[in-house]
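**Student:** First the structure, which I've put down as structure tokens, then a few questions once you've had a look.
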């Protein structure tokens, strides 16, 4: 059974389009995250939700809007896509507590042409 | 602010031991993680240190010195499948307990 899943795995689109990436976790975790990993492999936190509530919102353009309909799902909608948005986007989840290790989804490779 | 430094690349031989160092600066240290990431795949959790000392888990060990802002990941009996990026990450309690990742160290294991 897949623990953290993301769709789609690949997304190729034109500049200016709007797209969404979906994430689901079946681990029963309370916290979910979106990360962006650019071509230099830096994994950077974008957003974090705990029980459907936004708790971390890094300096991300407001073209990016996360939505958490329930604690098992965290979707990412991106408006007016730009070339610089091309990256791999990872969703992750964690239970909290002392260790709070994160479990990552397989990633969505977004290419903006 | 936060800052994490680790070497960009390392090469080691199959069967050998390799140590990957990580130094960090953070105002609200709340734990240090090591993740492994194979090319084209998601990061997977390897280890966690919050107190000083060595944590051993099979062929992998991780060490932490909070006073020095320093950690290392030790990989023993290297195998070809250990070729991957190793990401050092620090959890910071300021700003909502966020985890900051280093750029990663690409390890190449040669025969």
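Protein chains in written order, with the numbering used here: chain A, 1 to 113; chain B, 1 to 111. Quick reminder that beta carbons are idealized off the backbone N, C-alpha and C, glycines included.
Taking 7 Å as the CB-CB limit, is residue 57 of chain B close to chain A?
**Tutor:** Looking up residue 57 of chain B in the second chain gives position 57. Cβ-Cβ to chain A under 7 Å: no for residue 57 of chain B.
**Student:** Between the beta-carbon of residue 81 of chain A and the beta-carbon of residue 66 of chain A, is there less than 7 Å?
**Tutor:** As a first step, residue 81 of chain A is located in the first chain; it is residue number 81 there, counting from the start. As a first step, residue 66 of chain A is located in the first chain; it is residue number 66 there, counting from the start. Not closer than 7 Å, so no.
**Student:** When the Cα of residue 80 of chain B is compared with those of B:16, B:4, B:8, which residue comes out closest?
**Tutor:** In the second chain, counting from the first residue as 1, residue 80 of chain B sits at position 80. Of B:16, B:4, B:8, the residue nearest in Cα terms is B:16.
**Student:** From the DSSP output, which residues share a beta bridge with residue 84 of chain B?
**Tutor:** By 1-based counting over the second chain, the position of residue 84 of chain B is 84. Residue 84 of chain B is bridged to B:107.
**Student:** Are the C-beta of residue 64 of chain A and some C-beta of chain B separated by less than 7 Å?
**Tutor:** On the first chain, position 64 is the one that residue 64 of chain A refers to. No - not a single Cβ of chain B is within 7 Å of the one on residue 64 of chain A.
**Student:** Residue 55 of chain A touches chain B at which residues, Cβ-Cβ below 7 Å?
**Tutor:** If you number the first chain from 1, residue 55 of chain A lands on position 55. In chain order: 96.
**Student:** List the whole-angstrom C-beta distance separating residue 51 of chain A from residue 71 of chain A, where the pair is believed to meet the contact cut-off of C-beta under 8 Å.
**Tutor:** For this step, residue 51 of chain A is matched to residue 51 along the first chain. For this step, residue 71 of chain A is matched to residue 71 along the first chain. Confirmed, about 5 Å.
**Student:** Does DSSP classify residue 53 of chain B as helix, strand or coil?
**Tutor:** Numbered from 1 along the second chain, position 53 holds the residue referred to as residue 53 of chain B. Strand.
**Student:** Would you grab the beta carbon distance between residue 51 of chain B and residue 34 of chain B for me? Rounded to a whole angstrom, and I think it's under 8 Å.
**Tutor:** In the second chain, residue 51 of chain B corresponds to position 51, counting from 1. In the second chain, residue 34 of chain B corresponds to position 34, counting from 1. Actually they are not in contact, since the Cβ atoms of residue 51 of chain B and residue 34 of chain B sit about 15 Å apart, beyond 8 Å.
**Student:** Of all the beta strand (DSSP E) runs that stay within the bounds of the stretch 77-104 of chain A, which reach a length of 3 or more residues?
**Tutor:** If we require 3 residues or more, the beta strand (DSSP E) runs fully inside the stretch 77-104 of chain A come out as 87-94.
**Student:** With residue 125 of chain B and residue 78 of chain B assumed to form a contact (beta carbons below 8 Å), what rounded beta-carbon distance in angstroms separates them?
**Tutor:** In the structure as shown, chain B starts at 1 and stops at 111, and residue 125 of chain B therefore has no counterpart that could be examined.
**Student:** From what residue to what residue does the beta strand (DSSP E) around residue 12 of chain B run?
**Tutor:** Here residue 12 of chain B refers to the residue found at position 12 when the second chain is read from its first residue. Per DSSP, residue 12 of chain B belongs to the beta strand (DSSP E) from 9-13.
**Student:** Inspect the beta-carbon positions of residue 32 of chain B and residue 90 of chain B and report whether they are closer than 7 Å.
**Tutor:** Taking the first residue of the second chain as position 1, residue 32 of chain B is located at position 32. Taking the first residue of the second chain as position 1, residue 90 of chain B is located at position 90. Yes, Cβ-Cβ distance for residue 32 of chain B and residue 90 of chain B is below 7 Å.
**Student:** Between the beta-carbon of residue 103 of chain B and the beta-carbon of residue 36 of chain B, is there less than 7 Å?
**Tutor:** Along the second chain, one-based indexing puts residue 103 of chain B at 103. Along the second chain, one-based indexing puts residue 36 of chain B at 36. Cβ distance not < 7 Å, so residue 103 of chain B and residue 36 of chain B don't count as in contact.
**Student:** Please state if the CB of residue 93 of chain A and the CB of residue 32 of chain A are separated by a distance shorter than 7 Å.
**Tutor:** To locate residue 32 of chain A, count along the first chain from 1; it is residue 32. To locate residue 93 of chain A, count along the first chain from 1; it is residue 93. Yes, Cβ-Cβ distance for residue 32 of chain A and residue 93 of chain A is below 7 Å.
**Student:** Is there at least one Cβ from chain B nearer than 7 Å to residue 107 of chain A's Cβ?
**Tutor:** Counting from one through the first chain, the residue named residue 107 of chain A turns up at place 107. For residue 107 of chain A, the answer is yes, since a Cβ of chain B falls inside 7 Å of its Cβ.
**Student:** Determine the chain A residues that contact residue 50 of chain B at a beta-carbon separation under 9 Å, and present them in chain order.
**Tutor:** Taking the first residue of the second chain as 1, we reach residue 50 of chain B at position 50. Correct list: 98, 99.
**Student:** Of the residues that make up the stretch 82-106 of chain B, which ones have a beta carbon closer than 9 Å to any beta carbon in chain A?
**Tutor:** Of all residues in the stretch 82-106 of chain B, 85, 87, 89, 91, 95, 96, 97, 98, 99, 100, 101, 102, 103, 104, 106 have a Cβ within less than 9 Å of some Cβ in chain A.
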